[in-house]
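Student:
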Amino acid sequence: MPYWQESDTFHDDPRWPKLAAGHAVTVDQLQAAYCRLMSIAGRHATNGWLTHETAASLAKPKVIERLAAKGLSDQPPMLHRKGDKCSCFEEWLPGYDFCIHWFLKRNPHKRETERYRKQKSEASDPRLRAQVYERDAGCCRYCRSGPLKKSGMGNSKDRRRVIHYDHVDPDELAGPDAANLIVSCARCNESNGRRTPDEPDMVLLPIPTADERQQWQARGEARLDPPQQRRDSAQTAVSTADPAAVDTAVPSGVPAVDTEPSSTGEVRPATGQEQQRQRPPLSPEGSGSGRGGQPACVDQPPRNRDTPDVYHRRSRAPTERKPL
Numbered sequence: 041m042p043y044w045q046e047s048d049t050f051h052d053d054p055r056w057p058k059l060a061a062g063h064a065v066t067v068d069q070l071q072a073a074y075c076r077l078m079s080i081a082g083r084h085a086t087n088g089w090l091t092h093e094t095a096a097s098l099a100k101p102k103v104i105e106r107l108a109a110k111g112l113s114d115q116p117p118m119l120h121r122k123g124d125k126c127s128c129f130e131e132w133l134p135g136y137d138f139c140i141h142w143f144l145k146r147n148p149h150k151r152e153t154e155r156y157r158k159q160k161s162e163a164s165d166p167r168l169r170a171q172v173y174e175r176d177a178g179c180c181r182y183c184r185s186g187p188l189k190k191s192g193m194g195n196s197k198d199r200r201r202v203i204h205y206d207h208v209d210p211d212e213l214a215g216p217d218a219a220n221l222i223v224s225c226a227r228c229n230e231s232n233g234r235r236t237p238d239e240p241d242m243v244l245l246p247i248p249t250a251d252e253r254q255q256w257q258a259r260g261e262a263r264l265d266p267p268q269q270r271r272d273s274a275q276t277a278v279s280t281a282d283p284a285a286v287d288t289a290v291p292s293g294v295p296a297v298d299t300e301p302s303s304t305g306e307v308r309p310a311t312g313q314e315q316q317r318q319r320p321p322l323s324p325e326g327s328g329s330g331r332g333g334q335p336a337c338v339d340q341p342p343r344n345r346d347t348p349d350v351y352h353r354r355s356r357a358p359t360e361r362k363p364l
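Just so you know, we're using the working numbering here: the sequence shown kicks off at 41 and counts up by one.
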């Protein structure tokens with residue numbers, strides 16, 4: 041759903057008492073009106089643009105005049121009017137009378153909101169879900185936990201038993217062959233957030249083969265941990281008939297992660313402190329395209345570490361400002 045957000049310094053911004061001439065009641069009126077204007081712009085995804093009718097329905101004319109005035113000489117007004125010039129917009133958008141200053145600095149662009157709605161629709165489409173579930177054998181593409189039940193496990197304490205449908209690149213739709221939509225357990229998807237796998241140093245495992253699908257269905261439910269090895273982007277991701285097995289290829293001079301057999305005969309990676317001790321040290325400068333200096337995940341394009349913003353929906357730099 042659409043939303044809007046503001047800075048945590050909103051309440052003590054020095055412009056409020058200046059605009060209100062020191063009257064506390066007027067400060068409350070200005071802040072309330074500003075929040076209503078932000079809210080309506082977020083709901084209708086107007087990128088901060090407002091008509092006179094919309095503004096007048098939410099605030100008194102005197103309040104709007106104060107918001108459109110400069111509170112401090114070195115700062116722009118909180119609400120721009122026609123004729124104003126500011127770096128927060130390139131040119132005035134026809135049909136609007138006001139523009140909230142730097143609305144897009146903290147809030148999503150209309151195109152981002154529309155893409156988010158389409159992604160939610162794709163993730164809940166029964167036919168698309170069935171196609172992706174069959175392709176991935178109902179198992180998580182990050183840790184191979186599964187086959188996951190299609191429904192009814194939402195209250196499970198073990199998030200590896202809960203099925204999610206994840207867009208690998210959060211800035212793209214599923215695509216014509218649904219390559220960007222995968223089965224994921226809730227634990228992996230929630231850890232990933234709205235990031236590509238290489239940003240949190242996760243590995244997108246390849247599509248299972250027909251033999252793997254058959255063996256996993258016969259095996260029954262398995263709850264596994266994702267592979268911890270950092271693989272060079274030039275290596276090819278591999279998937280064995282045993283989904284718990286991990287790629288043990290590591291850079292030269294780095295000890296391989298030990299494995300231990302389980303009671304069912306499966307090979308599982310060592311966990312906890314043992315894995316942490318065996319991870320290669322990170323370069324303080326960072327030597328890869330993933331976060332923390334790790335190499336990018338196989339088949340995932342590198343992302344600029346300066347642009348992702350995981351606080352709200354967009355995961356890359358804000359889109360360029362164009363007319364709606």
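Glycine is no exception: its CB is placed at the ideal position from the N, C-alpha and C atoms.
As the structure is a prediction and not an experimental result, all values here were calculated from the model.
Classify N195: buried if its beta carbon has 16 or more other beta carbons within 10 angstroms, exposed otherwise.
Tutor: To locate residue 195, count along the sequence shown from 1; it is residue 155. Exposed is the call here.
Student: For Q255 and D176, I'd like the C-alpha separation in whole angstroms.
Tutor: As a working mapping, residue 255 is identified with position 215 in the sequence shown. As a working mapping, residue 176 is identified with position 136 in the sequence shown. So the alpha carbons of these two residues sit roughly 13 Å apart.
Student: Could you compute how far the alpha carbon of E93 sits from the alpha carbon of Q159?
Tutor: Counted from its first residue, the sequence shown places residue 93 at position 53. Counted from its first residue, the sequence shown places residue 159 at position 119. Between E93 and Q159, the C-alpha separation is close to 33 Å.
Student: Quick test of your reading: R106 and L59, contact by CB under 8 Å. State the CB separation rounded to the nearest angstrom.
Tutor: Reading the sequence shown from its first residue, position 66 is the one you call residue 106. Reading the sequence shown from its first residue, position 19 is the one you call residue 59. Between L59 and R106 the Cβ distance is about 5 Å, and since that is below 8 Å, they are a contact.
Student: By how many angstroms is the C-alpha of A163 removed from the C-alpha of G233?
Tutor: Position 193 of the sequence shown, counted from the start, is the residue given in the question as residue 233. Position 123 of the sequence shown, counted from the start, is the residue given in the question as residue 163. Spanning the two alpha carbons is a distance of roughly 15 Å.
Student: Taking the DSSP output, what are the residues bridged to Y205?
Tutor: As a working mapping, residue 205 is identified with position 165 in the sequence shown. V223, per the DSSP bridge assignment.
Student: Can you give me the Cβ contacts of E212 inside the same chain, cut-off strictly under 7 Å, excluding the 5 residues immediately before and after it?
Tutor: On the sequence shown, residue 212 is found 172 positions in, with the first residue counted as 1. The residues are N220.
Student: Write down every uninterrupted run of the beta strand (DSSP E) in the stretch 132 to 182 whose length is 3 residues or greater and which is fully enclosed by it, in chain order.
Tutor: Qualifying beta strand (DSSP E) stretches, in chain order: 138 to 140.
Student: Measuring alpha carbon to alpha carbon, tell me which of C225, R55, D238 and V202 ends up nearest P210.
Tutor: Position 170 of the sequence shown holds residue 210. Checked all of C225, R55, D238 and V202; the closest Cα to P210 is D238.
Student: How would you call D251, buried or exposed, if buried means at least 16 neighbouring beta carbons within 10 angstroms?
Tutor: Here the question's residue 251 lines up with position 211 in the sequence shown. Exposed.
Student: Leaving out five residues before and five after S79 in sequence, what residues of the same chain have Cβ atoms less than 8 Å from its Cβ?
Tutor: As a first step, residue 79 is located in the sequence shown; it is residue number 39 there, counting from the start. W44.
Student: Output needed for R263: all residues of its chain with C-beta closer than 8 Å, excluding positions within five of it in sequence on either side, in chain order.
Tutor: Residue 263 sits at position 223 when you count from the first residue of the sequence shown. Answer for R263: S185, D198, R200 and R201, listed in chain order.
Student: Sort out for me which residues DSSP pairs L90 with in a bridge.
Tutor: Counted from its first residue, the sequence shown places residue 90 at position 50. DSSP, once it has assigned bridges, lists F138 as partnering L90.
Student: Should L77 be labelled buried (16 or more other beta-carbon atoms within 10 Å of its own) or exposed?
Tutor: Here the question's residue 77 lines up with position 37 in the sequence shown. Buried.
Student: According to DSSP, L119 sits in a beta bridge with which residue or residues?
Tutor: The residue given as residue 119 occupies position 79 in the sequence shown. L119 pairs with I140.
Student: With DSSP run on the structure shown, which of helix, strand or coil describes A10?
Tutor: Because the chain is modelled from 41 through 364, residue 10 falls outside the range shown and cannot be assessed.
Student: Report back the beta-carbon spacing between L168 and I140 to the nearest angstrom; my notes put them in contact at under 8 Å.
Tutor: Within the sequence shown, the letter at position 128 stands for residue 168. Within the sequence shown, the letter at position 100 stands for residue 140. With a Cβ gap of about 37 Å, L168 and I140 do not count as contacting.
Student: In whole angstroms, what is the alpha-carbon distance linking M193 and V223?
Tutor: Taking the first residue of the sequence shown as 1, we reach residue 193 at position 153. Taking the first residue of the sequence shown as 1, we reach residue 223 at position 183. Roughly 15 Å between the two C-alpha positions.
Student: Between the Cα of D114 and the Cα atoms of C179, P267 and R55, which residue gives the shortest distance?
Tutor: For the purposes of this step, residue 114 is taken as the residue at position 74 of the sequence shown. D114 has its Cα closest to that of R55, out of C179, P267 and R55.
Student: Below 8 Å between beta carbons: does that hold for Q182 and P246?
Tutor: Reading the sequence shown from its first residue, position 142 is the one you call residue 182. Reading the sequence shown from its first residue, position 206 is the one you call residue 246. It is Tyr, not Gln, that sits at residue 182 in the sequence shown. No, these two residues do not count as a Cβ contact at 8 Å.
Student: Helix, strand or coil: how does DSSP classify G186 here?
Tutor: Numbered from its first residue, the sequence shown carries residue 186 at position 146. Three-state DSSP puts G186 in a strand.
Student: Write down the C-beta distance between Y136 and T91 rounded to the nearest angstrom, noting that I regard them as a contact closer than 8 Å.
Tutor: Walking along the sequence shown from the start, residue 136 turns up at place 96. Walking along the sequence shown from the start, residue 91 turns up at place 51. With a Cβ gap of about 6 Å, Y136 and T91 count as contacting.
Student: Alpha carbons only, please: which of R227, N229, A258 and N87 is nearest the one belonging to F138?
Tutor: Numbered from its first residue, the sequence shown carries residue 138 at position 98. Checked all of R227, N229, A258 and N87; the closest Cα to F138 is N87.
Student: What do you get for H63, buried or exposed, if any count of 16 or more other CB atoms within 10 angstroms of its CB means buried?
Tutor: As a first step, residue 63 must be located in the sequence shown, where it is residue number 23. By the neighbour-count rule (16 or more Cβ atoms within 10 Å), H63 is not buried but exposed.
Student: In whole angstroms, what is the alpha-carbon distance linking A258 and P187?
Tutor: Within the sequence shown, the letter at position 218 stands for residue 258. Within the sequence shown, the letter at position 147 stands for residue 187. Between A258 and P187, the C-alpha separation is close to 10 Å.
Student: Excluding the 5 residues preceding and the 5 following A99 in the sequence, name in chain order all residues of the same chain whose CB lies nearer than 6 Å to its CB.
Tutor: To locate residue 99, count along the sequence shown from 1; it is residue 59. Answer for A99: A73, listed in chain order.
Student: So, for V350: in the same chain, excluding its five sequence neighbours on each side, which residues have a beta-carbon less than 7 Å away from its beta-carbon?
Tutor: For the purposes of this step, residue 350 is taken as residue 310 along the sequence shown, with counting starting at 1. Because the pLDDT at V350 is just 37, under 50, the model does not fix this residue reliably, and the value given afterwards should be weighed accordingly. G233, R234 and R235.
Student: Going by beta carbon distance, what residues of the same chain come within less than 6 Å of I104, once the five residues before and after it are set aside?
Tutor: Stepping through the sequence shown from its first residue, residue 104 is reached at position 64. Excluding sequence neighbours, I104 sits near A95.
Student: Look up Y74 in the DSSP assignment and say whether it is helix, strand or coil.
Tutor: Locating residue 74 in the sequence shown gives position 34, counting from the first residue. Y74 falls in the helix class under three-state DSSP.
Student: When the distance is taken between beta carbons, is Y173 closer than 8 Å to K190?
Tutor: Here the question's residue 190 lines up with position 150 in the sequence shown. Here the question's residue 173 lines up with position 133 in the sequence shown. It is a contact, given that the beta carbons lie within the stated cut-off.
Student: I'd like the span of the alpha helix (DSSP H) that includes W56, first residue to last.
Tutor: One-based indexing of the sequence shown puts residue 56 at position 16. Run containing W56: R55 to L59, per the alpha helix (DSSP H) assignment.
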